[in-house]
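Undergrad: The opening position of the sequence shown corresponds to residue 94 in the numbering used here, with each subsequent residue numbered one higher. For each residue, glycine too, the CB sits at the ideal point set by N, CA and C. What follows is a single structure, and I will ask about it in a moment.
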Amino acid sequence: MWPWQSKKIDEEETELNQDRIPAHVAIIMDGNGRWAKKRGLPRALGHRAGVEALRDIVQECSRLEIKVLTVFAFSTENWRRPKEEVNILMALLTEYLKGELKELHDNQVIVRMSGVMDELPLDAQSELKKAIAQTRDNQGLILNLALNYGGRAELIQAIRQVSAEVLKNNLKIEEINEDIVNSYLYTAGLPDPDLIIRTSGEHRLSNFLLWQSSYAEIVVVPEYWPEFGIETLHQAIRVYQQRDRRFGGIKDGRE
Ligand code: FPP
């Protein structure tokens with residue numbers, strides 16, 4: 094059960110323009126460690142609080158009828174963290190999927206993953222496969238978990254696959270275009286993100302969705318990820334709605 098029915102809708106929410114809800118929101122969930130440190134807590138508790146924040150945001154994105162929510166949960170660079178922290182993050186992922194799958198499925202969420210699955214611990218892989226298979230035919234929010242994800246690694250594997258097709262004479266070099274490249278990315282079939290939110294005040298993409306972010310609006314919020322709630326999401330969407338998206342053209346495509 095998701096408690097929308099019983100939840101009082103914030104007054105400020107009426108200010109969200111329902112006609113300009115971003116189709117794809119992507120979030121760099123940064124600041125779990127600093128949130129914990131500020132409270133004198135171990136980093137692990139910061140990550141645990143981060144999972145709680147994620148739960149609320151998934152629900153709210155679903156309620157707002159956002160089509161895709163991509164969350165940067167573990168990067169290819171995160172393997173450099175101490176082993177205990179990597180283990181905790183993987184355990185939290187497994188626990189999240191185990192604990193949430195029923196509710197996600199009941200609410201029509203489709204679970205997807207962007208990244209390299211076979212380097213993840215086996216129990217995480219098995220929960221992911223289960224969640225992806227079980228929710229595949231749902232009709233609601235696509236929750237795209239960026240796990241063991243790196244934008245450069247994604248592009249390298251795409252270049253390798255495209256090159257292999259050229260070598261096999263299945264594809265001519267002149268035929269390589271944006272659609273072809275898109276089809277070899279982990280995000281194949283998903284729209285590009287309209288809005289990328291980064292928490293904890295850092296103005297960096299950190300190897301996230303490098304190709305897909307070309308025309309994304311980037312909104313940086315000062316809150317650490319565990320502090321990021323529904324209200325902050327609405328604020329970020331409002332900032333997005335006030336932006337003038339030109340995609341390299343002239344305002345609204347007019348002269
Ligand atoms: C950044 O905080 C966050 C991460 C590296 C991982 C994000 C993970 C979660 C929110 C929880 C696990 C995810 C799932 C899907 C269960 P940081 O540790 O870099 O914070 P810091 O920059 O303050 O140290």
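Going by alpha carbons, who is nearest to GLU193 out of TRP95, LEU326, THR325, PHE301?
TA: TRP95
Undergrad: Taking the straight line between their C-alpha atoms, what separation do you get for HIS117 and ALA184?
TA: 27 Å
Undergrad: With 16 other CB atoms within 10 Å as the buried threshold, where does PRO284 fall?
TA: With fewer than 16 other CB atoms across the displayed protein chains lying within 10 angstroms of its CB, PRO284 is exposed.
Undergrad: On the DSSP bridge list, what partners appear for LEU240?
TA: Beta-bridge pairing links LEU240 to PHE167.
Undergrad: Shorter than 6 Å, the distance from the beta carbon of LEU185 to the closest heavy atom of the ligand FPP, or not?
TA: yes
Undergrad: For TYR189, count neighbouring C-beta atoms within 10 Å of its own C-beta (all shown protein chains included) and say buried if the count is 16 or more, exposed if not.
TA: buried
Undergrad: For HIS327, which of helix, strand or coil comes out of DSSP?
TA: helix
Undergrad: Using alpha carbons as the reference points, say which of GLN305, VAL313, GLN152 lies closest to ARG291.
TA: VAL313
Undergrad: At the level of alpha carbons, what is the spacing between PRO115 and ASP287?
TA: 6 Å
Undergrad: Just the C-alpha distance for GLY341 and SER306, rounded to the nearest angstrom, thanks.
TA: 14 Å
Undergrad: Secondary structure at ILE50, three-state DSSP: helix, strand or coil?
TA: There is no way to answer for residue 50, as the model of the chain reaches only from 94 to 348.
Undergrad: Does the count of Cβ pairs from the region 268 to 276 and the region 194 to 212 closer than 8 Å reach three?
TA: Cβ pair count under 8 Å is below three, so no.
Undergrad: Taking one C-beta from the region 133 to 145 and one from the region 201 to 217 each time, how about it: are there three or more such pairs within less than 8 Å?
TA: No, they do not touch.
Undergrad: Less than 6 Å separating the Cβ of ALA217 from some heavy atom of the ligand FPP?
TA: no
Undergrad: Run the proximity test for ALA166: is its beta-carbon closer than 6 Å to any non-hydrogen atom belonging to the ligand FPP?
TA: yes
Undergrad: Which of helix, strand or coil does DSSP assign to ILE311?
TA: strand
Undergrad: Please report how far the alpha carbon of SER349 lies from the alpha carbon of MET122, in whole angstroms.
TA: Shown here, the chain extends from 94 to 348; a query on residue 349 therefore has no answer.
Undergrad: With distances taken Cα to Cα, identify the nearest neighbour of GLN232 among ASP199, ASN275, LEU302.
TA: ASP199
Undergrad: Count the other C-beta atoms from every protein chain shown that fall within 10 angstroms of the C-beta of ARG173, then say buried if there are 16 or more, exposed otherwise.
TA: exposed
Undergrad: The alpha helix (DSSP H) that contains ARG229, what's its start and end?
TA: Looking at the DSSP string, ARG229 is not in any alpha helix (DSSP H), and its letter there is neither H nor E.
Undergrad: Can you check DSSP and say which residues form a bridge with ILE114?
TA: Answer by DSSP bridge pairing: none, since ILE114 is not bridged.
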